[in-house]
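Sequences listed follow chains R and V, in order.
Per my numbering, the first sequence starts with residue 1, numbered consecutively.
Per my numbering, the second sequence starts with residue 1, numbered consecutively.
Note that beta-carbon positions come from the ideal geometry of N, C-alpha and C, so glycine has one too.
Computed from a prediction, not measured in an experiment: that's the story for all the values here.
2 protein chains.
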Amino acid sequence: MDIRKELADRKSLVDSWLKDAIPNVDPYAEILGKAMEHSLMAGGKRLRPILLYETMKMLGADPEQGKNVALALEMIHTFTLIHDDLPCMDDDDFRRGVPTCHKVFGEDIAVLAGDALVFAAFSLVSQENKTIPAATTVAVIGDIAKAIGPRGVIGGQVVDILSEGKQPTEDLLSYIHNHKTADLIRVSIQCGARLANADSATMDLLEKYATHLGLAFQITDDILDVEGEEDVLGKPVGSDEASGKMTYPALLGMQAAKERAEDEIANAELELSKLVGFDVRFFAGLCDFILRRAY
Amino acid sequence: MDIRKELADRKSLVDSWLKDAIPNVDPYAEILGKAMEHSLMAGGKRLRPILLYETMKMLGADPEQGKNVALALEMIHTFTLIHDDLPCMDDDDFRRGVPTCHKVFGEDIAVLAGDALVFAAFSLVSQENKTIPAATTVAVIGDIAKAIGPRGVIGGQVVDILSEGKQPTEDLLSYIHNHKTADLIRVSIQCGARLANADSATMDLLEKYATHLGLAFQITDDILDVEGEEDVLGKPVGSDEASGKMTYPALLGMQAAKERAEDEIANAELELSKLVGFDVRFFAGLCDFILRRAY
């Protein structure tokens, strides 16, 4: 399987879905719509909706039925990026190769565009879908809310901010990576499994796979912030060190950080090998892609 | 009916519920928990959860079954206050008689505390409740997401910000008040009606009542910002004029603004009079309370 081609194909599909799903605004609030669209359509790998899509597909469900949840995950991911980039947080000027939301629309509109994407996301998920039982939709909403909330992505972001400039420790770094990054990757796969009505053993294996994949993803992100190329990444390199971020290269050194990413991917592959009876090629290819990724 | 006593009793109940529902955080993110608690427990009238409670009670449902949704509405209301108060928005130092979230915890933590309350709210609503059908929970989530999202409260806040310092117009002001304030009041009553399984005619009347009540609430808020007493209000007066906010006193003058509030209350009472067969005393008392409120 050519994983890069698969990812590009899926990204095109998600991009076309997203284009039709930019949340509507009233004429007076036109700038809010533009700000949401700016950040939503700035590009990105669309990894989270793709994970949901491919999970449903692998488990034999129709992935088109997961469209609203897939789009909601990308909207929520974009919300986290907009708020993370704010001057009072990471104060980043570029993201996905374009100026960040607050650079274009101002800090006030950026905060509100992030907020609005969250409610637009939950509005999408709650839309009627005759093929998905309401109880499943409620469970998916609960999964997402927990994964992002105070003990999830947002908790991770808080600890990431508090840790700036401090001596890195394994415990703190593991907390940050698990929550700030892996939680959203994990819940994307978890929601796909829920929508496909997976049994609890399958769900459990997939969640473990996703957690290892998510950790590897963040470690390679840390590595790319040191060794990546700006024009491929779409954002400046070296920003983690400049702002004293806690990262694996800072904790362990570059060589050991790379080995840690390889270990996480090996663990992900181990979980995948226990998933008998499904075509796991996409998810195996993804392991390979993440280890070698340049963006 | 002594509406002030009723409101005080209900507020005590909501406060005790809230105390037990402060979202949990992990030890590393302790400050996030403190920031959420600071703003959630800073007081406030608890009007939105009370509206849900009283709607369910009036319609013959057990209001205790609406507890999670009631708390979610207060969490989301608190989220809007935290973000509205940010330096990049209204830059307010006091709210409900105590320093605003960002004054105590910093702007970064305040943004994230607001964000976290939203996800904590949706997590609460999605919790299993055997007496509420999953389809009703999905509908309630959809109602809330739409009422707050880009065409709701957040759209209203965007237009409120954009309108600062501009010549007030009836259209713009009506948009701001309808969305920034009335939408959340309306959806509190709407969710109560949904949870009580109200028919569509009752729902419709209640929504109209709620919209007029919400508009009156915001007009009296504007009036109190001119004529209120700081120690009763818990925030400085005169801030609307200082920041060039679009308000009814600014558009119409004080006397006509007071008449407009009376008109909205008269319209709310008219809708209430069409609601036959229910004990509407609480909702009638509320009309009176809002016209005479000092905080």
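Would you identify the three-state DSSP class for Pro99 of chain V, choosing helix, strand or coil? Numbered from its first residue, the second sequence carries residue 99 of chain V at position 99. If DSSP states are grouped into helix, strand and coil, Pro99 of chain V belongs with the strands.
Counting C-beta neighbours from all protein chains within 10 Å, is the total for Gly33 of chain R 16 or more, i.e. buried, or is it exposed? Along the first sequence, one-based indexing puts residue 33 of chain R at 33. The residue is buried, with at least 16 neighbouring Cβ atoms inside 10 Å.
Using beta carbons (cut-off 7 Å, strictly below), is Val69 of chain V in contact with chain R? Looking up residue 69 of chain V in the second sequence gives position 69. No, Val69 of chain V does not count as interfacial toward chain R.
Looking at chain R, is there any beta carbon in it that lies within less than 7 Å of the beta carbon of His83 of chain V? In the second sequence, counting from the first residue as 1, residue 83 of chain V sits at position 83. Judged by the 7 Å Cβ criterion, His83 of chain V is in contact with chain R.
Is the separation between the beta-carbon of Ala193 of chain R and that of Met203 of chain R shorter than 7 Å? Counting from one through the first sequence, the residue named residue 193 of chain R turns up at place 193. Counting from one through the first sequence, the residue named residue 203 of chain R turns up at place 203. A contact, by the Cβ cut-off of 7 Å.
Considering His38 of chain R, what are the terminal residues of the alpha helix (DSSP H) in which it resides? Walking along the first sequence from the start, residue 38 of chain R turns up at place 38. Residues Glu30 to Leu40.
Which value, in whole angstroms, describes the spacing of the CA atoms of Ile265 of chain R and Phe283 of chain R? Here residue 265 of chain R refers to the residue found at position 265 when the first sequence is read from its first residue. Here residue 283 of chain R refers to the residue found at position 283 when the first sequence is read from its first residue. Their backbone Cα atoms lie some 11 Å apart in a straight line.
Uninterrupted alpha helix (DSSP H) stretches inside the region 119-190 of chain V (no shorter than 4 residues): 134-148, 153-162 and 170-176
Three or more beta-carbon pairs under 8 Å between the region 114-131 of chain V and the region 19-33 of chain V, yes or no? yes
Under 8 Å, CB to CB, which of the residues in the region 35-57 of chain R have a partner in chain V? Met36
Which two residues bound the contiguous alpha helix (DSSP H) that contains Val280 of chain V? Position 280 of the second sequence holds residue 280 of chain V. That residue, Val280 of chain V, is in no alpha helix (DSSP H); it is neither H nor E in DSSP.
Near Met1 of chain V, what residues of its chain come up, given a Cβ to Cβ distance below 6 Å and the 5 sequence neighbours on each side ignored? In the second sequence, residue 1 of chain V corresponds to position 1, counting from 1. Excluding positions up to five away in sequence, the list reads Arg281 and Gly285.
Does the distance from the C-beta atom of Ala29 of chain R to that of Gly155 of chain V stay below 7 Å? Your numbering for residue 29 of chain R matches position 29 in the first sequence. Your numbering for residue 155 of chain V matches position 155 in the second sequence. Their beta carbons are under 7 Å apart, which means Ala29 of chain R touches Gly155 of chain V by this criterion.
How would you list, in chain order, the residues of chain V whose beta-carbon sits under 8 Å from the beta-carbon of Asp137 of chain R? To locate residue 137 of chain R, count along the first sequence from 1; it is residue 137. Checking the displayed sequence, the identity of residue 137 of chain R turns out to be Thr instead of Asp. Chain V residues near Thr137 of chain R: Ala134 and Val138.
Can you give me the C-alpha to C-alpha distance between Glu64 of chain V and Ser12 of chain R, rounded to a whole angstrom? Here residue 64 of chain V refers to the residue found at position 64 of the second sequence. Here residue 12 of chain R refers to the residue found at position 12 of the first sequence. Cα to Cα, Glu64 of chain V sits roughly 47 Å from Ser12 of chain R.
Cα-Cα, which of R:Gly66, R:Lys45 and R:Ser273 is closest to Glu297 of chain R? In the structure as shown, chain R begins at 1 and stops at 295. Residue 297 of chain R is therefore absent and cannot be evaluated.
Within this structure, are the beta carbons of Leu71 of chain V and Ser188 of chain V separated by less than 7 Å? The count along the second sequence starts at 1 and reaches residue 71 of chain V at position 71. The count along the second sequence starts at 1 and reaches residue 188 of chain V at position 188. No, they are not a contact pair.
Looking only at C-alpha atoms, which of R:Pro168, R:Pro99 and R:Leu52 sits nearest to Val14 of chain R? Here residue 14 of chain R refers to the residue found at position 14 of the first sequence. Residue R:Leu52 is the option with its Cα nearest to Val14 of chain R.
For a cutoff of 7 Å on Cβ pairs, would you count Tyr248 of chain R as touching chain V? In the first sequence, residue 248 of chain R corresponds to position 248, counting from 1. No, because no Cβ of chain V sits closer than 7 Å to the Cβ of Tyr248 of chain R.
Note down the Cα distance separating Cys287 of chain R from Thr169 of chain V, rounded to an integer number of angstroms. Along the first sequence, read from residue 1 onward, the residue named residue 287 of chain R stands at position 287. Along the second sequence, read from residue 1 onward, the residue named residue 169 of chain V stands at position 169. Roughly 57 Å between the two C-alpha positions.
Beta-carbon proximity list for Asp160 of chain R, same chain, < 8 Å, skipping 5 on both sides: The residue given as residue 160 of chain R occupies position 160 in the first sequence. Excluding positions up to five away in sequence, the list reads Ile176, Lys180, Lys245 and Met246.
For the alpha helix (DSSP H) holding Glu74 of chain V, just list the boundary residues, first then last. By one-based count along the second sequence, residue 74 of chain V stands at place 74. That run of the alpha helix (DSSP H) goes Lys67 to Asp84.
Can you name, in chain order, every residue of its own chain whose Cβ lies under 7 Å from the Cβ of Pro290 of chain R, other than the five neighbours on each side? For the purposes of this step, residue 290 of chain R is identified with residue 290 of the first sequence, where counting begins at 1. Reading off the sequence, residue 290 of chain R comes out as Ile, not Pro. Here the set comprises Leu213, Ala216, Phe217, Thr220 and Ile265.
Three Cβ pairs or more, each shorter than 8 Å: is that satisfied between the region 97-117 of chain R and the region 80-92 of chain V? yes
Under 6 Å Cβ to Cβ from Glu37 of chain R, same chain only, skipping five residues before and after it: list those, please. What you label residue 37 of chain R is simply residue 37 of the first sequence in a count that begins at 1. So the list reads Ile22, once near-sequence residues are dropped.
Less than 6 Å between C-beta atoms, sequence neighbours within five positions excluded: which residues of the same chain meet that for Lys57 of chain R? Within the first sequence, the letter at position 57 stands for residue 57 of chain R. Closer than 6 Å at Cβ, skipping near neighbours: Pro63.
Any chance the region 130-141 of chain V sits against the region 125-139 of chain R, with 3 or more Cβ pairs inside 8 Å? yes
Would you say Gly97 of chain R faces chain V, with C-beta separation under 7 Å as the test? Counting from one through the first sequence, the residue named residue 97 of chain R turns up at place 97. With 7 Å as the cut-off, Gly97 of chain R does not count as an interface residue toward chain V.
Cα-Cα separation, Val111 of chain V to Arg186 of chain R: Locating residue 111 of chain V in the second sequence gives position 111, counting from the first residue. Locating residue 186 of chain R in the first sequence gives position 186, counting from the first residue. Approximately 24 Å, taken between the alpha carbons.
Taking just the CA atoms, how far does Leu195 of chain V sit from Ile82 of chain V? To locate residue 82 of chain V, count along the second sequence from 1; it is residue 82. To locate residue 195 of chain V, count along the second sequence from 1; it is residue 195. Cα to Cα, the separation comes out at about 28 Å.
For Ala35 of chain R, count neighbouring Cβ atoms within 10 angstroms of its own Cβ and tell me buried if that reaches 16, exposed if not. Within the first sequence, numbered from 1, the residue matching residue 35 of chain R stands at position 35. Buried, because 16 or more other Cβ atoms sit within 10 Å of the Cβ of Ala35 of chain R.
Could you check which residue in R:Asp92, R:Leu270 and R:Gly238 has the C-alpha nearest to that of Ala210 of chain R? As a working note, residue 210 of chain R is residue 210 in the first sequence. Nearest C-alpha to Ala210 of chain R: R:Leu270.
Output yes or no for whether 7 Å exceeds the beta carbon distance between Ser39 of chain R and Thr78 of chain R. For this step, residue 39 of chain R is matched to residue 39 along the first sequence. For this step, residue 78 of chain R is matched to residue 78 along the first sequence. Yes. Within cutoff.
Below 8 Å on the Cβ atoms is my guess for Val173 of chain V versus Val153 of chain V; work out the distance and round it to an integer in Å. Sequence index remark: in the second sequence, residue 173 of chain V carries index 173 (1-based). Sequence index remark: in the second sequence, residue 153 of chain V carries index 153 (1-based). The residue asked about is misnamed: residue 173 of chain V is Leu in this sequence, not Val. With 8 Å as the limit, Leu173 of chain V and Val153 of chain V do not qualify as a contact, their Cβ atoms being about 16 Å apart.
Gly43 of chain V and Arg96 of chain V closer than 7 Å at C-beta: Residue mapping note: residue 43 of chain V aligns to position 43 of the second sequence, counting from 1. Residue mapping note: residue 96 of chain V aligns to position 96 of the second sequence, counting from 1. In contact: Gly43 of chain V and Arg96 of chain V (Cβ atoms closer than 7 Å).
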